[in-house]
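Some notes on the structure that comes next.
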Amino acid sequence: MKKIEKFLKKYKVNNKDKSQTPVILDYKVDNSKRTVRITVDETFAMQEFSAKTTRKIYEGISKRLDKRYRNHKITIISNGLSIDNLAPNIKSEAGKRLSGRINIDYKGNPWVKNISDPTQITHGLQNRHISVWASHGRYYDNNKNLWKWQRPKLFGTTEDLFTQTIVVPYLIPMLENAGAIVFTPRERDWQKNEVIVDNDDNMVGTSYIEVSSQHSWKNTGIKGFAKHPGYYTDGENPFTAGTARMAKTTRKSNSYSLISYQPKLPQEGKYAVYVSYQTLPNSIDDACYTVWHKGEKTVFKVNQKMGSGTWVYLGTFEFDKGSNEFNRVVITNQSARKGVVTSDAVRFGGGMGNIMRGNATSGLPRCLEGARYYAQWAGMPYYVYSTKSGTDDYRDDINTRSYMTNHLGGGSCYMPTVEGRKVPLELSLAVHSDAGYSANGTGLIGSLAICTTGFGSGMLNSGISRTVSLDFAKSLLTNITQDIRYKYGKWVEREIYDRNFSETRIPEIPSAIIETMSHQNFPDMRYGQDPNFKFTLARSIYKTVLRQICNSHDRSYIVTPMTPNNFRIEFTDGNEVKLAWEPVEDPQEATSRPTGYIVYTSVGSAGFDNGTYIKGSNYHKVKLERGVLYSFKVAAANKGGKSFTTETLCALYNSDSEYADNIIIIDGFHRLSSPAIRDNVFEQGFDFDDDPGVSLGPTAGWVGRQLCYNRDRIGIEDESGLGWSGDEFTGMFIAGNDRNHVRTHAEAIQASGSYNIASCSSEALETGKIDLSRYKLADMVLGLERNDGHSLKYYKTFPLLIRDQLRAFTKRGGRLLVSGAYIGSDMTAPEEQLFLKETLKCSYAGSHTSLNDFIYGMNTTIPYHNAINEEHYAATKHDAFTPHGQAYAALCYNNGGNAAIAYRGSDYRSFTMGIPFECIKENQKKHSIMRGIMDFLMK
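In case it helps, this note's numbering puts the sequence shown at residues 13 to 951.
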């Protein structure tokens with residue numbers, strides 16, 4: 013015994029010290045059966061087991077047994093299980109499957125498939141259905157008769173919002189880019205507007221049209237969706253208040269029936285599209301839906317044998333304001349199967365919460381509410397979202413996430429005996445943040461993972477051992493720690509909790525909770541609120557899901573590529589442009605190398621198409637129509653899926669004359685960051701007034717400005733506690749870096765005269781892939797770019813190599829337009845200040861902040877975004893300048909400070925703006941200001 017105890021004390025997991033030494037709880041020898049059974053406490057089960065580690069443990073124990081027992085069969089038990097069963101998702105060293113596994117696989121058509129997507133995924137998550145959700149959400153407190161957050165408002169956010177900013181813009185798209193069909197029990201669309209088109213309710217301005225050919229549309233005879241005015245009370249089910257339509261299928265391509273759902277949208281923008289239908293005995297698995305978005309079309313096949321009577325997500329698209337045939341959804345009765353197609357309401361946009369509790373709704377967008385309220389709007393039975401009969405919304409919400417997963421997945425091969433809607437969901441994941449803080453406010457708390465193996469018989473509904481969940485939880489925690497440490501140098505790996513938690517106990521499929529970090533500990537949140545960190549964290553989770561699912565089905569996998577960089581568009585001959593880019597390697601993932609690329613194109617005001625696949629090459633040539641603005645973005649692809657897209661770049665062809673005026677727009681605004689940081693002996697937290705930070709696209713993650721910075725109040729969760737925050741941002745989708753600034757500049761230049769426009773990322777200019785001598789004018793778009801001192805990634809307005817390029821360009825007589833909020837303040841070194849003085853003919857004269865959102869000059873008043881808002885990112889602080897030499901002030905702030913410096917010399921011309929040009933409000937004003945600038949620089 014003592015030798016074994018000594019072995020366990022010294023034993024290390026993957027050459028790492030354990031946080032706690034395992035304790036032997038029981039030691040039994042049965043000489044008649046020739047067995048030795050050693051029971052160790054649960055801490056031993058928390059390590060990452062493999063066939064190799066299991067073998068090494070048994071060898072180590074065997075060597076230390078009394079010689080009399082060396083030939084006995086040894087079994088080591090921890091947390092109620094043999095360690096042989098603690099690595100169920102991998103094979104043994106001999107290639108045999110370990111115990112506790114049953115080979116189950118779904119072979120039918122997926123719930124939803126985008127057949128317009130050119131990505132050919134064979135080694136990703138294709139045809140895999142996953143349930144993923146962000147924690148908590150606004151809920152109704154039955155005891156206090158009010159709506160509130162489930163977690164405290166700390167460091168500008170609350171867990172109810174923070175985890176969404178990981179799941180919605182990062183994790184779910186990554187899983188979908190790998191081919192997965194992702195269900196989430198909370199509304200996913202960050203869109204306040206909602207328009208429903210339905211056969212039972214023709215709203216004013218919307219258009220519901222049926223066209224019948226050989227087979228006519230008729231009622232299914234089963235209750236369907238219908239919306240009534242006002243709010244919904246507890247227990248009301250909108251999916252049993254109306255009717256649905258059906259038609260027999262046809263194989264004909266030129267004679268078919270259809271239904272057109274055309275909304276009247278109150279605003280231009282992105283809207284999620286949801287369809288609904290009913291499952292009948294002869295339903296088909298390939299119902300054809302076409303989404304028309306800004307004139308482009310995307311076609312989906314939906315398996316109507318599953319997932320009926322609820323909102324089924326197709327995708328999120330850009331739509332025009334108003335109502336027209338270029339923005340609608342069409343379903344036909346075309347099918348390769350003999351049967352019927354059914355159709356019910358179509359929903360555009362996430363909308364506002366409409367479930368009344370007490371005497372009020374939440375007053376917030378539906379996506380910010382808990383799952384309990386979305387489940388009701390999505391047609392779930394009452395027992396799914398209210399096990400407490402309406403008396404405890406908090407508990408109901410926690411349970412709803414799992415019960416909704418089971419209800420949708422019930423009847424599938426993964427939950428064969430559960431009553432439900434047959435969606436083959438095979439894995440569930442809850443993404444949370446945790447409480448806890450370091451005593452001195454400097455240490456990290458880090459991540460932990462949770463699973464439940466000790467419930468019921470220890471088996472899931474399909475017969476799979478619950479130890480699969482333990483393996484999943486371990487992999488999540490290990491991989492997150494490794495990936496974050498690789499990228500950022502440090503992170504804390506906490507424990508695995510194998511405990512009775514609702515979100516890991518209730519699901520009848522393998523499940524885990526990942527507590528990403530502590531929302532109560534500022535050192536954690538300093539990382540967590542950096543968008544680049546969120547990307548790293550989400551990518552790690554996606555990779556774990558990929559490995560977990562592929563390994564469980566004995567399939568090899570390929571990790572999706574990284575987004576290409578050095579994107580550039582230049583003219584080659586006449587009206588032909590060449591798009592080029594460079595692959596980005598992921599040093600951690602050898603399989604992630606791209607084998608092709610997808611080029612997305614938008615022509616004029618139309619939406620982006622579904623993409624053109626480019627095999628192997630990192631360039632693509634396009635012929636442009638004269639006078640039409642083209643926009644492009646690129647994603648990298650391989651057999652595992654596709655990356656996020658690049659920034660949007662543009663090209664415009666007007667003339668191939670040797671005297672044509674060629675302009676290049678350079679996108680130098682890449683920055684993504686948390687708000688400014690206060691971290692000293694007295695204060696700690698985020699300072700929104702100094703710098704609100706920059707999210708990737710809009711964010712729903714902020715509740716309000718931080719109010720308490722007092723480090724002495726750490727750990728207190730009320731108004732007096734460190735991190736406590738206000739409410740002024742609650743319900744806002746604050747605009748961020750949408751990576752579309754080149755298009756704004758290009759549209760304004762197009763309206764200013766007959767120019768040829770090329771464009772590039774500043775990376776391409778910095779690495780020498782762009783020859784500025786080909787251009788008469790360079791438009792440098794800098795937005796909120798700067799070295800802010802706290803971001804996890806380095807950003808700079810004018811890196812050295814770009815300064816050299818611009819100097820040479822102006823010495824050749826090139827014209828230069830530069831706009832950005834930190835052009836002066838980001839250039840503090842003597843050589844940098846010299847560049848400002850000699851090339852831009854100005855120097856930094858201090859930062860400007862004002863409640864007045866106007867600048868003045870050029871015979872007009874110019875409104876611009878200087879306050880946090882939902883329409884466009886804001887320049888809340890920006891630079892003032894002093895002109896040098898022959899330069900002069902062209903625009904001024906309300907306090908008289910210089911907002912723009914103009915220089916028109918005999919050698920070259922320049923125009924430098926202290927606010928980002930794209931922050932100017934109103935397109936007409938943008939175009940008139942750009943026309944004036946172009947006249948000054950070019951004529």
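The C-beta atom is built at its ideal place from N, Cα and C for all residues, glycine as well.
Hey, out of S445, L137, N452, whose CA is closest to L460's CA? Ranking S445, L137, N452 by Cα distance to L460 puts S445 first.
Between V358 and Y286, how many whole angstroms is the CB-CB distance? I'm expecting something under 8 Å. The C-beta separation of V358 from Y286 comes to about 7 Å, placing the pair in contact by the 8 Å criterion.
Following the continuous beta strand (DSSP E) through L270, name the residue where it begins and the one where it ends. L270 -> beta strand (DSSP E) spans 270–274.
Is it right to say S774 is buried, meaning 16 or more other beta carbons lie within 10 angstroms of its own, or is it exposed? S774 is buried by the Cβ-count criterion.
Out of N211, H227, P278, I271, which has the shortest C-alpha to C-alpha gap to A253? Just measuring C-alpha positions, the residue of N211, H227, P278, I271 sitting nearest A253 is N211.
Residue span of the beta strand (DSSP E) that contains E844, given as start and end: Careful: E844 lies outside any beta strand (DSSP E), inside the alpha helix (DSSP H) at 842–847.
Enumerate, from N- to C-terminal direction, the unbroken alpha helix (DSSP H) stretches of 4 or more residues contained entirely within the stretch 328–389. When DSSP assignments are scanned along the stretch 328–389, the uninterrupted stretches of alpha helix (DSSP H) that are 4 or more residues long and fall wholly within it turn out to be 383–389.
What does the alpha-carbon distance come out to for the pair D699 and E797? Rounded to whole angstroms, D699 to E797 spans 18 Å at the Cα level.
By Cβ distance below 6 Å, which residues in the same chain neighbour D947 in space, the five residues on each side in sequence not counted? Exclusion of the five residues before and after D947 leaves no residue of its chain whose Cβ lies closer than 6 Å to its Cβ.
Burial state of Q59 (16 or more Cβ within 10 Å): With 16 or more other Cβ atoms within 10 Å, it is buried.
Can the beta-carbon of F545 be found closer than 7 Å to that of Y539? Yes. Within cutoff.
Per-residue burial, H240 [other beta carbons within 10 Å of its own, 16 or more giving buried]: Counting Cβ neighbours within 10 Å, H240 comes out exposed, since fewer than 16 surround it.
What would DSSP say about C425, mapped onto helix, strand or coil? It is coil, neither helix nor strand.
Tell me the start and end of each unbroken alpha helix (DSSP H) in the stretch 698–763 that is at least 4 residues and wholly inside, in chain order. Every unbroken stretch of the alpha helix (DSSP H) spanning 4 or more residues and falling wholly within the stretch 698–763 is given here in chain order: 753–762.
Extract the residue ranges of the beta strand (DSSP E) inside the stretch 848–879, only unbroken runs of 3 or more that lie entirely within it. Correct list: 854–860, 866–869, 872–875.
Go ahead and pull the three-state DSSP assignment for P181. Three-state DSSP puts P181 in a helix.
Quick one: residues in its chain with C-beta nearer than 8 Å to the C-beta of M13, no 5 flanking neighbours on either side, listed in chain order? Only I36, Y39 meet the Cβ criterion.
Can you grab the Cα-Cα spacing for the pair D702 / I689, in whole Å? A direct Cα-Cα distance of roughly 9 Å separates D702 from I689.
Please state if the CB of A857 and the CB of T894 are separated by a distance shorter than 7 Å. Result yes, Cβ atoms of T894 and A857 sit closer than 7 Å.
Leaving aside the five residues before and after K108 along the sequence, list all residues of the same chain whose C-beta is less than 6 Å from its C-beta, in chain order. Residue placement at K108 is poorly supported in this model, since its pLDDT is 39, which falls under 50; the coordinates still yield a value, given next. Counting only residues of its own chain and dropping the five nearest sequence neighbours on each side, K108 has no CB closer than 6 Å to any other CB.
If you measure between the beta carbons of V706 and N749, is that distance less than 7 Å? Cβ distance < 7 Å, so V706 and N749 count as in contact.
Starting from Y834 and walking both ways along the alpha helix (DSSP H), at which residues does that stretch end? Annotation: Y834 is outside any alpha helix (DSSP H) and is labelled neither H nor E by DSSP.
T232 to H939 span [Cα, whole Å]: Between T232 and H939, the C-alpha separation is close to 53 Å.
By how many angstroms is the C-alpha of Y283 removed from the C-alpha of T613? Cα to Cα, the separation comes out at about 20 Å.
In chain order, what residues of the same chain lie with their CB nearer than 6 Å to the CB of E659, ignoring the 5 residues before and after it? Residues of the same chain with a CB within less than 6 Å of the CB of E659, apart from the 5 flanking positions on each side, are D679, R751 in chain order.
Backbone CA spacing between R369 and G432 [nearest angstrom]: Distance between R369 and G432, taken at the CA atoms: about 27 Å.
One question on the structure: do C463 and T516 come within less than 7 Å of each other, judged by their Cβ atoms? Yes, the pair counts as a contact, with Cβ atoms nearer than the cut-off.
List the endpoints of the continuous alpha helix (DSSP H) containing P895. No alpha helix (DSSP H) contains P895, which is instead part of the beta strand (DSSP E) from 890–895.
Would S225 and Y273 be called neighbours here (beta carbons separated by less than 7 Å)? The criterion of a C-beta distance shorter than 7 Å is not satisfied by S225 and Y273.
Residues in the same chain with beta-carbon distance under 6 Å from R943, minus the five sequence neighbours each way, listed in chain order, please. Taking R943 as the centre and dropping the five residues before and after it, the same chain places the C-beta of S764 closer than 6 Å to its C-beta, in chain order.
So S773 is in the beta strand (DSSP E); what residue range does that whole segment cover? 768–773 is the extent of the beta strand (DSSP E) around S773.
Beta carbon of L472, beta carbon of E527: below 7 Å? Taking 7 Å as the Cβ cut-off, L472 and E527 do not qualify as a contacting pair.
According to DSSP, simplified to helix, strand and coil, what is H682? If DSSP states are grouped into helix, strand and coil, H682 belongs with coil.
Taking 7 Å as the threshold (C-beta atoms), are L828 and S918 in contact? No, these two residues do not count as a Cβ contact at 7 Å.
7 Å Cβ cutoff met for R198 and G149: Taking C-beta atoms as the reference points, R198 and G149 count as a pair closer than 7 Å.
L812 versus L848: straight-line alpha-carbon distance, rounded: Each residue's Cα considered, the two are about 12 Å apart.
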